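As you go down the protein sequences, you meet chains A and B in turn.
Just so we're aligned, residue 1 is where the first sequence starts under my numbering, counting upward by one.
Just so we're aligned, residue 486 is where the second sequence starts under my numbering, counting upward by one.
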Amino acid sequence: MSTNLDTIRDLAQQEYKWGFITDIEEERIPKGLSEDVIRLISTKKQEPEFMLEWRLKAYRHWAALEKAEAEPKWANVHYPAIDYQNIVYYSAPKQKVKLESLDQLDPEILRTYEKLGIPLQEQKMLAGVAVDAVFDSVSVATTFKGKLAELGIIFCSFSEAVRNHPELVKKYLGSVVPYTDNFFAALNAAVFSDGSFVYVPKGVRCPMELSTYFRINAAETGQFERTLIVADEGASVSYLEGCTAPIRDENQLHAAVVELVALDNAQIKYSTVQNWYPGDKQGKGGIYNFVTKRGKCAGVNYKISWTQVETGSAITWKYPSCILQGDNSVGEFYSVALTNNYQQADTGTKMIHIGKNTRSTIVSKGISAGHGQNTYRGQVKILKGAQGARNYTQCDSLLIGDKCGAHTFPYIEVRNSSARMEHEASTSKIGEDQMFYLRQRGLKAEDAVSMIVNGFCKRVFRELPMEFAVEAQKLLSVSLEGSVG
Amino acid sequence: MSLLEIKNLHVKVDNHEILKGIDLTVNAGEVHSIMGPNGSGKSTLAQVLARREAYDVTEGQIIYNGKDLLEMKAEDAACEGVFLAFQYPVEIPGIGNAYFMRSALNAIRKYHGLDEMDAMDFLPLFKEKLKLLEMDEKLLNRSVNEGFSGGEKKRNEILQMALLEPKLAVLDETDSGLDIDALRIVAKGVNTLRGPERAMIVVTHYQRLLNYIVPDFVHVLVNGRIVRSGGPELALELEETGYAVPA
Numbered sequence: 001m002s003t004n005l006d007t008i009r010d011l012a013q014q015e016y017k018w019g020f021i022t023d024i025e026e027e028r029i030p031k032g033l034s035e036d037v038i039r040l041i042s043t044k045k046q047e048p049e050f051m052l053e054w055r056l057k058a059y060r061h062w063a064a065l066e067k068a069e070a071e072p073k074w075a076n077v078h079y080p081a082i083d084y085q086n087i088v089y090y091s092a093p094k095q096k097v098k099l100e101s102l103d104q105l106d107p108e109i110l111r112t113y114e115k116l117g118i119p120l121q122e123q124k125m126l127a128g129v130a131v132d133a134v135f136d137s138v139s140v141a142t143t144f145k146g147k148l149a150e151l152g153i154i155f156c157s158f159s160e161a162v163r164n165h166p167e168l169v170k171k172y173l174g175s176v177v178p179y180t181d182n183f184f185a186a187l188n189a190a191v192f193s194d195g196s197f198v199y200v201p202k203g204v205r206c207p208m209e210l211s212t213y214f215r216i217n218a219a220e221t222g223q224f225e226r227t228l229i230v231a232d233e234g235a236s237v238s239y240l241e242g243c244t245a246p247i248r249d250e251n252q253l254h255a256a257v258v259e260l261v262a263l264d265n266a267q268i269k270y271s272t273v274q275n276w277y278p279g280d281k282q283g284k285g286g287i288y289n290f291v292t293k294r295g296k297c298a299g300v301n302y303k304i305s306w307t308q309v310e311t312g313s314a315i316t317w318k319y320p321s322c323i324l325q326g327d328n329s330v331g332e333f334y335s336v337a338l339t340n341n342y343q344q345a346d347t348g349t350k351m352i353h354i355g356k357n358t359r360s361t362i363v364s365k366g367i368s369a370g371h372g373q374n375t376y377r378g379q380v381k382i383l384k385g386a387q388g389a390r391n392y393t394q395c396d397s398l399l400i401g402d403k404c405g406a407h408t409f410p411y412i413e414v415r416n417s418s419a420r421m422e423h424e425a426s427t428s429k430i431g432e433d434q435m436f437y438l439r440q441r442g443l444k445a446e447d448a449v450s451m452i453v454n455g456f457c458k459r460v461f462r463e464l465p466m467e468f469a470v471e472a473q474k475l476l477s478v479s480l481e482g483s484v485g
Numbered sequence: 486m487s488l489l490e491i492k493n494l495h496v497k498v499d500n501h502e503i504l505k506g507i508d509l510t511v512n513a514g515e516v517h518s519i520m521g522p523n524g525s526g527k528s529t530l531a532q533v534l535a536r537r538e539a540y541d542v543t544e545g546q547i548i549y550n551g552k553d554l555l556e557m558k559a560e561d562a563a564c565e566g567v568f569l570a571f572q573y574p575v576e577i578p579g580i581g582n583a584y585f586m587r588s589a590l591n592a593i594r595k596y597h598g599l600d601e602m603d604a605m606d607f608l609p610l611f612k613e614k615l616k617l618l619e620m621d622e623k624l625l626n627r628s629v630n631e632g633f634s635g636g637e638k639k640r641n642e643i644l645q646m647a648l649l650e651p652k653l654a655v656l657d658e659t660d661s662g663l664d665i666d667a668l669r670i671v672a673k674g675v676n677t678l679r680g681p682e683r684a685m686i687v688v689t690h691y692q693r694l695l696n697y698i699v700p701d702f703v704h705v706l707v708n709g710r711i712v713r714s715g716g717p718e719l720a721l722e723l724e725e726t727g728y729a730v731p732a
């Protein structure tokens with residue numbers, strides 16, 4: 001009996017492979033948060049006045065919330081109180097001159113991305129994927145910008161967008177996730193340092209995957225990126241983000257905001273492979289991943305699809321959601337969340353059906369191993385006017401070992417009697433009988449675990465772009481290694 | 486040299502002695518049937534041969550193909566040619582049947598230093614075996630055993646056996662839950678695999694199966710011991726008299 005369990009345990013305890021630290025000169029501001037810090041960040045980023053104003057409003061809102069101790073506590077996660085004055089809110093690799101091309105980028109940073117398997121040199125790039133790379137607080141390089149520009153597609157760092165396309169930023173920033181939305185969204189709005197910006201013009205189908213790679217390097221630094229994707233009428237785009245961070249003993253805060261805006265007949269597919277440092281086997285260190293993601297459209301016939309593979313972070317608090325405002329619009333959420341060792345995840349989605357004949361699909365696969373705690377929290381809301389709305393929810397949990405937990409909190413609210421709702425849920429365990437069956441056919445124990453888990457996640461992996469599906473499978477095998485405690 | 490030699494095998498499960506000194510010799514080319522009442526230890530013997538670890542061998546030895554079987558892990562025994570057709574095959578959701586079987590075949594090929602077989606080479610082989618078991622091609626991509634009927638699961642076991650071509654096949658109550666047509670098909674599959682290089686141990690309650698798979702030897706297992714051994718005629722006699730130990 002013990003061989004199965006031992007192998008799974010060994011597997012689960014594989015080391016985090018992305019935990020190295022890049023030795024680079026960084027420019028950082030002192031710890032703490034105040035209006036002066038906000039002004040400093042805005043100045044460093046040479047922002048127009050409207051941005052500073054927005055940041056300050058957000059800061060004042062957040063400060064009031066903080067004073068009222070309104071940090072959300074309803075999630076099924078536990079962590080010591082965060083001291084928001086003990087965080088560095090801006091850190092950037094020091095660049096001596098303004099970058100004209102990738103050749104001028106600090107070779108240390110280039111090497112970091114190469115180690116992570118993200119070559120930034122365009123000639124080395126896999127055809128079909130354009131990458132924006134965010135290192136600590138700033139975007140260091142965006143590839144294929146020229147090629148995309150020919151189609152009128154804007155893909156750049158958020159800071160650049162603020163400087164070069166202020167009218168677009170002004171129009172859409174905060175239109176889906178206002179700074180008043182929640183505690184962490186307010187904090188992000190006040191201090192966000194960079195992120196990606198995408199605009200796909202009317203009728204244009206983006207010919208390649210757009211991808212942003214986020215890397216936290218500096219110690220005691222929060223990362224607060226903000227991503228805004230706008231698909232104009234009839235446009236479509238597929239976007240992928242990946243994340244890693246070095247191994248550090250302290251917990252680091254990552255509070256990001258992603259806003260998706262899809263106009264009439266537009267489609268946005270947003271995929272995440274989140275692999276922030278999860279902490280060590282005893283639960284020391286790791287990233288607090290408190291993220292607000294939402295997509296919205298006032299148009300008709302649009303589609304927003306979220307796919308996430310969440311394997312990293314000490315704590316994940318994240319609910320990529322869709323506001324289905326336009327008639328016939330479609331929202332999808334496909335999620336794999338894995339918690340191992342002492343990781344905690346409280347994740348799910350919100351589907352708000354406002355328009356007629358709106359449809360949503362939710363497929364959530366939670367895997368808990370070690371002492372991991374995995375919570376699915378989802379809300380499906382059918383408003384009065386949402387005639388003919390439909391939702392399908394499938395929510396499965398897989399337990400590996402006997403010290404982990406799976407929890408499910410589905411909230412369903414229906415105010416229109418023509419709505420059709422389906423909800424399926426299951427909880428299962430990787431059984432000794434499944435393991436024995438596969439091993440009896442010649443498969444090694446670790447291959448057996450990975451086969452069972454990949455089978456469990458198949459419905460979600462199928463939604464990922466091909467090359468990322470392969471990466472996600474590998475990542476899962478590595479992170480999993482540590483299944484039965 | 487015998488393919489399998491079991492000497493004085495004692496096995497405990499949850500501190501309870503199930504097998505109390507089994508001796509059994511099986512040569513390549515032979516088919517042995519193990520019969521006996523419920524709880525006599527038949528399935529335990531099958532699982533121990535397949536190296537399930539929950540079973541605690543307290544005494545005795547098993548020499549398989551000149552090697553100590555009890556030193557092998559389940560996957561090593563499988564790669565060395567031991568195959569168990571499960572009484573209750575488990576479901577593996579999300580993993581296609583063909584993909585699973587190719588993975589198993591390749592794990593064994595790799596163990597023997599052979600190149601892995603790609604999907605293009607595997608497919609015709611797989612289809613040929615499907616035909617042998619009179620199985621629908623739709624089973625190609627369905628998840629392993631998921632939504633299969635009882636009979637389909639059992640056929641799927643024999644399909645795997647046909648693909649993996651083991652040296653020693655242990656069939657654990659393969660006949661249970663089969664209707665007469667399915668039984669005939671399964672038996673045909675098994676009989677096709679009989680050969681001078683391969684031995685089989687057929688565990689069953691009922692003589693019925695042995696009308697289709699005619700064994701060379703029949704052993705009666707009662708209360709953890711083999712109480713009688715004989716030729717195929719013994720099975721017929723048991724059908725008449727039951728498993729009561731003769732005085």
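For each residue, glycine too, the CB sits at the ideal point set by N, CA and C.
The structure presented is a predicted model; accordingly, all values stated were derived computationally and were not measured.
Thinking C-beta only, is residue j closer than 8 Å to residue i?
i: residue 242 (chain A); j: residue 277 (chain A); result: no
i: residue 237 (chain A); j: residue 198 (chain A); result: yes
i: residue 223 (chain A); j: residue 274 (chain A); result: no
i: residue 547 (chain B); j: residue 494 (chain B); result: yes
i: residue 644 (chain B); j: residue 620 (chain B); result: yes
i: residue 203 (chain A); j: residue 234 (chain A); result: yes
i: residue 408 (chain A); j: residue 437 (chain A); result: no
i: residue 519 (chain B); j: residue 688 (chain B); result: yes
i: residue 346 (chain A); j: residue 311 (chain A); result: no
i: residue 562 (chain B); j: residue 535 (chain B); result: yes
i: residue 655 (chain B); j: residue 570 (chain B); result: yes
Applying the 10 Å Cβ sphere with the 16-neighbour rule, what's the burial state of residue i?
i: residue 373 (chain A); result: buried
i: residue 305 (chain A); result: buried
i: residue 685 (chain B); result: buried
i: residue 186 (chain A); result: buried
i: residue 50 (chain A); result: exposed
i: residue 415 (chain A); result: exposed
i: residue 572 (chain B); result: buried
i: residue 634 (chain B); result: exposed
i: residue 448 (chain A); result: buried
i: residue 334 (chain A); result: buried
i: residue 485 (chain A); result: Bear in mind that the predicted position of residue 485 (chain A) carries a pLDDT of just 31, short of 50, making it unreliable; the figure below should be weighed with that in mind. Result: buried.
Could you name the residues of the same chain whose beta carbon sits closer than 6 Å to that of residue i, not counting the 5 residues immediately before and after it, in chain order?
i: residue 291 (chain A); result: 256 and 318
i: residue 336 (chain A); result: 309, 365, 457 and 460
i: residue 624 (chain B); result: 582
i: residue 697 (chain B); result: 672
i: residue 394 (chain A); result: 363 and 424
i: residue 322 (chain A); result: 295, 304, 331 and 351
i: residue 71 (chain A); result: 183
i: residue 47 (chain A); result: 162
Going by the C-beta, is residue i closer than 7 Å to any heavy atom of the ligand GTP?
i: residue 292 (chain A); result: The ligand content of the structure shown is nil, which means the ligand GTP is not present either.
In terms of alpha-carbon separation, which member of the options lies closest to residue i?
i: residue 531 (chain B); options: B:495, B:711, B:657 and B:670; result: B:657
i: residue 386 (chain A); options: A:370, A:421 and A:397; result: A:421
i: residue 328 (chain A); options: A:151, A:388 and A:407; result: A:388
i: residue 352 (chain A); options: A:469, A:183 and A:324; result: A:324
i: residue 356 (chain A); options: A:231, A:382 and A:174; result: A:382
i: residue 725 (chain B); options: B:700, B:691, B:702 and B:716; result: B:691
i: residue 371 (chain A); options: A:279, A:473 and A:71; result: A:279
i: residue 92 (chain A); options: A:172, A:406, A:44 and A:78; result: A:44
i: residue 637 (chain B); options: B:490, B:666 and B:505; result: B:666
i: residue 712 (chain B); options: B:704, B:662 and B:718; result: B:704
Going by beta carbon distance, what residues of the same chain come within less than 7 Å of residue i, once the five residues before and after it are set aside?
i: residue 41 (chain A); result: 89, 90, 191 and 193
i: residue 455 (chain A); result: none
> Going along the chain, which residues of the region 630–663 of chain B sit with their C-beta nearer than 8 Å to a C-beta in chain A?
Replying inline: Going along the region 630–663 of chain B in chain order, one finds 645 and 649 with a Cβ nearer than 8 Å to chain A.
> Just by C-beta distance, which residues in the region 428–442 of chain A are closer than 8 Å to chain B?
Replying inline: The region 428–442 of chain A vs chain B, Cβ under 8 Å: 431, 432, 433, 434, 436, 437, 438, 439, 440, 441 and 442.
> Any residues in the region 40–64 of chain A with a beta carbon nearer than 8 Å to a beta carbon of chain B? Which ones, in chain order?
Replying inline: Answer set for the region 40–64 of chain A: empty.
> Just by C-beta distance, which residues in the region 450–474 of chain A are closer than 8 Å to chain B?
Replying inline: The region 450–474 of chain A vs chain B, Cβ under 8 Å: 451, 452, 454, 455, 456, 457, 458 and 459.
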